[in-house]
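Reading through the structure tokens given below for one structure.
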Amino acid sequence: MLKLLFTRFLVPILGLLALSSGVQSAPEDMPEAYQQSTLEDTVSIQSSGHLVLFSPVREVNNEIRSETLARLPVTGEGRLYRIARDSSREEARDHYLGLLRQRNAQILFECSSIRCGRSNVWANQIFNQAVLYGRDATQDYLVAGTVAEDGARWLTLIYTVTRGNLREYVWVEHLRVESGATIPGFGTMANRVEGPIIVPWQGGVTYRFDWQATDRRRVNDLAREEGTVVALVGYSVLETDESFSDAMERARLATESLSEVLSKTGVSRAQQEIIVVGPAGVFSDPDRQGDRVEVVVISR
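Residue numbers for the sequence shown, in mature numbering (1 follows the signal peptide of the UniProt record, and there is no 0): -25 to -1, 1 to 275.
Right, here's the structure in full:
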């Protein structure tokens, strides 16, 4: 039962939270534009009740309905970009996800395709950008939260869509939320979940793990807190002519080997949880490919 709960909890958020690497841009800065896009419009946003959705949208009797939404006091900016024809909205979205990971952002909601609702509603009722009206099956949306060094909270909204003429667009809103406003879901996970730390592995009978000494020390330091759980999530690539069960077994053995390494360096087996995903976890993030173990630390 415990393993099932961890699987349901961790697998979705592994795509949402990541330790930062390299030089981080400040949360208060507008995300850098996707290189293969052209800025078409900039809108200043200052509102005591700006509409932000944290669940799919639908329209009933010309009224916007969403299970979780908020009208927030914000200041910020919205930018409309047209994506170059030799690129794609998926690549643009990956670009912004990478920037959000660098800022240790917490993804509060994301959706794609018809699961987001009608593109017409997003374009005309939410963002007030008619050019964003496209195909319901070729759209996606996310909203992420970050905290600046001065404690200010920022929301970043990313919406991409393919229009009927095959033109693709990105709408980006970057908003500073006034102190005291309640942001649905923000802060409920970010302070307790660290990771994933991605550890590529190689081998068969014995295993070699490629991870930095700073990452190992970070896991050990975090694990010292009473009640902390260290989840090891094992992935493998399905090789040519390899069965799914064999790929799962490779992932299991590698993950158990890393568990043994951690237990020898101070992370007790009692606080570890092993989850084997094997080739069943597929991500577009180029950093989350190949045979690897992803380490996530959950504090009490």
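The C-beta atom is built at its ideal place from N, Cα and C for all residues, glycine as well.
As the structure is a computational prediction, the values presented were derived from the model and not from experiment.
Task: Rounded C-alpha distance that separates Val(-3) from Leu130 - done: Low confidence applies to Val(-3): its pLDDT is 44, below 50, so where it sits in the model is not reliable, and the reading given next is rough at best. The straight-line gap from Cα to Cα measures roughly 20 Å.
Task: Contacting residues, own chain, Cβ-Cβ under 6 Å from Glu85 (five flanking each side not counted) - done: Cβ within range, chain order: Leu117.
Open item on the list: Using C-beta distances below 8 Å, list every residue in its chain close to Val174, excluding the 5 sequence neighbours before and after it, in chain order.
Closed with: Excluding sequence neighbours, Val174 sits near Phe184, Asp185, Trp186, Asp190, Leu233, Arg267, Val268, Glu269 and Val270.
Task: Buried versus exposed, by CB contacts within 10 Å (16 or more), Arg33 - done: Taking a 10 Å sphere around the C-beta of Arg33, we find fewer than 16 other C-beta atoms and assign the residue as exposed.
Task: Leu74: first and last residue of the uninterrupted alpha helix (DSSP H) it sits in - done: Note, Leu74: alpha helix (DSSP H), Arg64 to Gln77.
- [ ] Output the distance between the C-alpha atoms of Tyr134 and Asp69, rounded to the nearest integer angstrom.
- [x] One alpha carbon belongs to Tyr134, the other to Asp69, and they sit about 12 Å apart.
TODO: Would you please state the rounded distance, in angstroms, between the beta carbons of Arg151 and Val49? I believe it to be under 8 Å.
DONE: The Cβ separation is near 6 Å, so the contact holds.
Open item on the list: On the CB-based measure, 16 or more other CB atoms within 10 Å of its CB, does Ala245 come out buried or exposed?
Closed with: Per the 10 Å Cβ criterion, exposed.
TODO: Would you mind working out which of Gly109, Asp4, Gly92 and Thr230 sits nearest Arg78, comparing C-alpha positions?
DONE: Ranked by Cα distance from Arg78, the first of Gly109, Asp4, Gly92 and Thr230 is Asp4.
Task: Stretch pair the region 191 to 205 + the region 253 to 267: three plus CB contacts closer than 8 Å - done: As far as the Cβ criterion goes, the region 191 to 205 does not touch the region 253 to 267, which means the pair count is below three.
Open item on the list: So, with DSSP's three-state summary, where would you put Glu15?
Closed with: In the structure shown, the three-state DSSP call for Glu15 is strand.
Task: Ile82 vs Ala119 beta-carbon contact at 7 Å - done: Annotated as proximal: Ile82 and Ala119, with beta-carbon spacing under 7 Å.
Task: Whole-angstrom C-beta distance between Ser94 and Asp115, which should lie under 8 Å - done: Cβ-Cβ separation between Asp115 and Ser94: approximately 11 Å, too far for a contact (criterion under 8 Å).
Open item on the list: Would Arg76 and Gly109 be called neighbours here (beta carbons separated by less than 7 Å)?
Closed with: For the 7 Å CB-CB criterion, Arg76 and Gly109 do not form a contact.
Open item on the list: Counting C-beta neighbours from all protein chains within 10 Å, is the total for Glu7 16 or more, i.e. buried, or is it exposed?
Closed with: It is exposed - the Cβ of Glu7 has fewer than 16 other Cβ atoms within 10 Å.
Open item on the list: Can you look up Thr189 in the DSSP assignment and give me helix, strand or coil?
Closed with: Here Thr189 sits in helix by DSSP.
Task: For Glu3, the first and last residue of its enclosing alpha helix (DSSP H) - done: For Glu3, no alpha helix (DSSP H) encloses it, and the DSSP letter there is neither H nor E.
TODO: Round the Cβ separation of residue 280 and Ser19 to the nearest angstrom and send it over; I've been treating them as touching at under 8 Å.
DONE: The question about residue 280 has no answer, for the chain in this structure spans -25 to 275.
Task: Best match in Ala112, Phe258, Ile250 and Thr215 for proximity to Gly73 [C-alpha to C-alpha] - done: Residue Phe258 is the option with its Cα nearest to Gly73.
Task: Contacting residues, own chain, Cβ-Cβ under 6 Å from Pro261 (five flanking each side not counted) - done: Counting only residues of its own chain and dropping the five nearest sequence neighbours on each side, Pro261 has no CB closer than 6 Å to any other CB.
Task: C-beta atoms of Val147 and Arg54 nearer than 7 Å - done: When the beta-carbon positions are compared, Val147 and Arg54 come within less than 7 Å of each other.
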